[in-house]
Amino acid sequence: MTAMTTEEIKKAQHIVNEKIRRNLRVYDEETSYKKAVEAGAIALFDEKYGDVVRVMKIGEPLVSAELCGGTHIAFTGEIGYFYITGESSIGTGLRRIEAVTGREAEVFIGRRFSDLENMARALEASTDNVQEKLVSLISELDNERKLVLSLQRELARKEAETLLNTVEMVDGVKVLSARVSATNQQVLREMSDFIRDKLGSAVVVLGTVWQDKPAFVVNVASALVARGFNAGDIIKQVARVAGGGGGGKPNLAQAGGRDKHKLDEALQAAKRIIKELYFS
Numbered sequence: 100m101t102a103m104t105t106e107e108i109k110k111a112q113h114i115v116n117e118k119i120r121r122n123l124r125v126y127d128e129e130t131s132y133k134k135a136v137e138a139g140a141i142a143l144f145d146e147k148y149g150d151v152v153r154v155m156k157i158g159e160p161l162v163s164a165e166l167c168g169g170t171h172i173a174f175t176g177e178i179g180y181f182y183i184t185g186e187s188s189i190g191t192g193l194r195r196i197e198a199v200t201g202r203e204a205e206v207f208i209g210r211r212f213s214d215l216e217n218m219a220r221a222l223e224a225s226t227d228n229v230q231e232k233l234v235s236l237i238s239e240l241d242n243e244r245k246l247v248l249s250l251q252r253e254l255a256r257k258e259a260e261t262l263l264n265t266v267e268m269v270d271g272v273k274v275l276s277a278r279v280s281a282t283n284q285q286v287l288r289e290m291s292d293f294i295r296d297k298l299g300s301a302v303v304v305l306g307t308v309w310q311d312k313p314a315f316v317v318n319v320a321s322a323l324v325a326r327g328f329n330a331g332d333i334i335k336q337v338a339r340v341a342g343g344g345g346g347g348k349p350n351l352a353q354a355g356g357r358d359k360h361k362l363d364e365a366l367q368a369a370k371r372i373i374k375e376l377y378f379s
């Protein structure tokens with residue numbers, strides 16, 4: 100059984116409140132368990148019932164009937180109001196609805212409306228157009244993020260271009276291992292793609308500090324993959340120097356570490372690792 104949708108929750112809440120407004124009579128009767136169930140009374144979950152049960156009924160004609168031994172109201176109008184606060188799974192095919200009623204519903208809704216008023220003040224909006232203002236702000240934020248990412252990519256490409264002349268040869272294979280200022284994994288990966296495309300048949304190992312931890316990417320040209328080079332194997336050993344690990348495909352792998360102070364040491368070890376893996 101899947102989670103209730105917002106519309107389903109609203110519909111259930113509406114049905115209950117409609118019965119409350121009708122101020123239906125609530126009454127009980129004792130009968131045998133067998134007769135009660137045959138008559139359609141609800142026996143909740145796996146409760147244990149005796150031979151004689153108490154059946155709580157609502158409305159005439161009957162709206163609801165279930166087995167229960169609790170204390171109840173005389174009329175549904177005494178409930179006041181019913182507000183669903185949540186619903187969750189409690190087992191296969193079973194879901195629990197949690198709600199507040201009467202005074203507690205009033206307090207709960209009051210808190211929600213107070214939160215809405217505070218949000219409206221923070222947004223310099225009225226309570227009627229908070230959603231509209233939020234959607235507008237989210238759209239603006241999304242556009243700003245796209246602009247920042249575009250600028251990051253432009254700066255990253257310029258930085259990558261300056262690294263092209265730092266490539267070294269390891270037994271006839273181009274290897275470029277460098278620390279860069281990429282601010283996220285996506286930009287780091289794009290930098291490695293750019294450098295690999297510019298160098299042709301090469302192994303590119305880049306590292307940066309992201310979220311206060313070292314991050315690495317290894318990019319291997321297809322021609323070298325065909326010769327047995329594997330980015331996943333390389334990055335495992337590079338990242339291990341910085342206390343981390345990772346993996347990926349033979350042509351592209353990403354990894355993280357735990358010690359940002361070991362970033363440079365790990366990058367410096369890349370050439371030795373490649374030599375030991377493929378030329379020993």
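One gets our numbering by counting positions in the sequence shown from 1 and adding 99 to each.
Positions of the beta carbon are idealized from the N, C-alpha and C atoms, including for glycine.
In this text, all values refer to a predicted model and were calculated from it rather than measured experimentally.
Is F207 helix, strand or coil when you go by DSSP? Position 108 of the sequence shown, counted from the first residue, corresponds to residue 207. F207 carries a helical assignment under DSSP once its states are collapsed to helix, strand and coil.
So L262 is in the alpha helix (DSSP H); what residue range does that whole segment cover? Indexing the sequence shown from 1 puts residue 262 at position 163. Start and end: V229 to L262.
If contact is defined by three or more beta carbon pairs under 8 Å, each pair taking one atom from either stretch, is the segment 128 to 143 in contact with the segment 226 to 241? By the Cβ test, the segment 226 to 241 is not in contact with the segment 128 to 143, since fewer than three Cβ pairs between them sit closer than 8 Å.
Could you check how far apart the C-beta atoms of G347 and Q353 are, in whole angstroms? I think they sit under 8 Å. Taking the first residue of the sequence shown as 1, we reach residue 347 at position 248. Taking the first residue of the sequence shown as 1, we reach residue 353 at position 254. Their Cβ separation, rounded to whole angstroms, is 6 Å, which keeps G347 and Q353 in contact under 8 Å.
Using a Cβ-Cβ distance under 7 Å, would Q353 count as near chain D? Among the protein chains of the structure shown there is no chain D, as only one such chain exists.
Under 7 Å Cβ to Cβ from T191, same chain only, skipping five residues before and after it: list those, please. Translated into the one-based positions of the sequence shown, residue 191 becomes position 92. Excluding residues within five positions, none has a Cβ falling inside 7 Å.
Contacts around E216, its chain only, beta-carbon distance under 7 Å, and the 5 residues preceding and following it disregarded: Along the sequence shown, read from residue 1 onward, the residue named residue 216 stands at position 117. Within the same chain, and ignoring the five residues on either side of E216 in sequence, the residues whose Cβ sits closer than 7 Å to its Cβ are T226.
Over what stretch of residues does the alpha helix (DSSP H) that includes T105 continue unbroken? Here residue 105 corresponds to residue number 6 of the sequence shown, with the count starting at 1. Note, T105: alpha helix (DSSP H), T105 to R120.
Where do the N-terminal and C-terminal ends of the alpha helix (DSSP H) with K348 fall, by residue? As a working note, residue 348 is residue 249 in the sequence shown. It is not in any alpha helix (DSSP H) - K348 carries neither H nor E in the DSSP assignment.
For R124, the three-state DSSP class (helix, strand or coil): Here residue 124 refers to the residue found at position 25 of the sequence shown. R124: strand per DSSP, three-state reduction.
Opening and closing residue of the alpha helix (DSSP H) in which L166 lies: Working through the sequence shown from its first residue, we reach residue 166 at position 67. Looking at the DSSP string, L166 is not in any alpha helix (DSSP H); the run it does join, the beta strand (DSSP E), is S163 to L166.
Nearest-angstrom Cα distance between W309 and Q284? Taking the sequence shown and counting its residues from 1, the one referred to as residue 309 is at position 210. Taking the sequence shown and counting its residues from 1, the one referred to as residue 284 is at position 185. For W309 and Q284, the gap between their C-alpha atoms comes out near 8 Å.
From A341, R295, S249 and L240, pick the residue whose C-alpha is nearest to that of K312; which is it? The residue you call residue 312 lines up with position 213 of the sequence shown. Sorting A341, R295, S249 and L240 by C-alpha distance to the C-alpha of K312 places A341 at the top.
Take the Cβ of M100 as the centre, count every other Cβ of all protein chains shown within 10 Å, and call the residue buried at 16 or more, exposed below. Stepping through the sequence shown from its first residue, residue 100 is reached at position 1. M100 comes out exposed.
So, does the segment 175 to 187 touch the segment 110 to 129, judging by three or more C-beta pairs under 8 Å? Because the criterion of three Cβ pairs below 8 Å is met, the segment 175 to 187 and the segment 110 to 129 touch.
State the start and end residues of the unbroken beta strand (DSSP E) segment that holds V279. Here residue 279 is taken as the residue at index 180 of the sequence shown, counted from 1. Per DSSP, V279 is not a residue of any beta strand (DSSP E), being assigned neither H nor E.
Using a Cβ-Cβ cutoff of less than 6 Å, which residues in the same chain neighbour D358 once the five nearest sequence positions on both sides are dropped? Your numbering for residue 358 matches position 259 in the sequence shown. Excluding residues within five positions, the ones whose Cβ falls inside 6 Å are A341 and G342.
Contacts around I333, its chain only, beta-carbon distance under 8 Å, and the 5 residues preceding and following it disregarded: Walking along the sequence shown from the start, residue 333 turns up at place 234. Closer than 8 Å at the Cβ level, and outside the excluded window around I333, lie V302, V304, V317, V319, A352, A369, I372, I373 and L376.
Cross-strand partners of E267 (DSSP beta bridge): Taking the first residue of the sequence shown as 1, we reach residue 267 at position 168. Secondary-structure assignment with DSSP links E267 through a beta bridge to V274.
Can you list, in chain order, the residues of its chain with a C-beta nearer than 6 Å to that of M103? Leave out the 5 residues immediately preceding and following it. What you label residue 103 is simply residue 4 of the sequence shown in a count that begins at 1. Answer for M103: E186, listed in chain order.
Starting from A198 and walking both ways along the beta strand (DSSP E), at which residues does that stretch end? As a working note, residue 198 is residue 99 in the sequence shown. Run containing A198: L193 to T200, per the beta strand (DSSP E) assignment.
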